[in-house]
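Under full-length UniProt numbering, think of the first position of the sequence shown as 1, with each following residue one higher.
We put the beta carbon where it would ideally sit given N, CA and C, even for glycine.
These notes are about the structure you will find just below.
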Amino acid sequence: MTYEISAVSCEPADWRDTLLGLRDDGFDFFDFLTAVDETDAGETPGFEVVAHLYDTRRGAFRETLVRTRIADGASIDSLTPIWAGAAWHERETYEMFGIDFSGFDDGTGLGLRKLLLPDGFDGNPLRKSFVLTARVSKPWPGAKEPGGDSTDGKPARAPRRRMQPPGIPDDSWGPR
1 MTYEISAVSC
11 EPADWRDTLL
21 GLRDDGFDFF
31 DFLTAVDETD
41 AGETPGFEVV
51 AHLYDTRRGA
61 FRETLVRTRI
71 ADGASIDSLT
81 PIWAGAAWHE
91 RETYEMFGID
101 FSGFDDGTGL
111 GLRKLLLPDG
121 FDGNPLRKSF
131 VLTARVSKPW
141 PGAKEPGGDS
151 TDGKPARAPR
161 RRMQPPGIPD
171 DSWGPR
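Dropping the structure here:
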């Protein structure tokens with residue numbers, strides 16, 4: 001027996017057909033779907049949409065990763081007509097990244113909707129452009145400069161340059 005791992009890239013227009021072909025080729029188990037925010041990539045900015053599949057037939061140890069790159073604001077075909085289990089993953093990816101899945105049907109007739117975040121939450125928290133408000137509103141640990149209060153009579157060290165905590169854009173992004 002061998003264990004085969006492969007990766008497939010396709011155009012967004014071929015997304016559903018590529019995955020349907022893989023299902024017909026024996027990749028019968030849908031493991032997960034997610035996205036990667038590559039909106040800051042130089043040549044082809046957008047989102048990398050990724051699906052992971054397994055072939056679960058006896059003696060067939062195969063898995064594959066299928067990728068496509070879509071532009072920010074573009075939609076991609078839903079995989080729910082192929083695998084009903086893709087619904088949860090597509091709802092999560094829609095909520096966290098703002099990616100629309102056309103033809104989405106989880107059997108409820110409610111369409112794409114929030115899955116994890118509370119009602120009234122605004123934004124897509126896994127996008128690189130999303131400002132982490134908790135880091136803006138809470139003081140960053142170490143707000144007091146080391147050496148600021150010298151009690152031993154020695155001069156205090158010069159303060160370090162203030163750093164923004166990760167997830168907070170610099171002021172050039174405009175008001176927060």
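Beta strand (DSSP E) containing residue i: first to last residue?
i: E90; result: E90 -> not in any beta strand (DSSP E); alpha helix (DSSP H) instead, spanning A86 to F97.
i: D55; result: G46 to D55
i: T68; result: F61 to I70
Leaving out five residues on either side along the sequence, give the residues of the same chain with a beta carbon under 7 Å from the beta carbon of residue i.
i: P169; result: V131
i: F29; result: L53, Y54 and T56
i: S6; result: T64
Per DSSP, what kind of secondary structure is residue i in: helix, strand or coil?
i: residue 208; result: The question about residue 208 has no answer here: the residues shown for the chain are numbered 1 through 176.
i: D14; result: helix
i: D25; result: coil
So the candidates are the options; which of them puts its Cα closest to the Cα of residue i?
i: R127; options: T108, G98, F121 and T133; result: G98
i: T44; options: A71, I82 and G21; result: A71
i: E93; options: A7, C10, L116 and P81; result: First, the residue type needs correcting, since residue 93 is Thr and not Glu in the sequence shown. Minimum Cα distance to T93 is reached at L116.
i: R67; options: G123, P12, A84 and N124; result: P12
i: residue 207; options: L79, S129, D122 and G111; result: Nothing about residue 207 can be read from this structure; the chain reaches only from 1 to 176.
Residues in the same chain with beta-carbon distance under 8 Å from residue i, minus the five sequence neighbours each way, listed in chain order, please.
i: G26; result: D55, R57, A60 and R62
i: W83; result: R23 and F30
**Item:** Unbroken stretches of the alpha helix (DSSP H), 4 residues or longer, contained in the region 104-137
**Value:** 133-137
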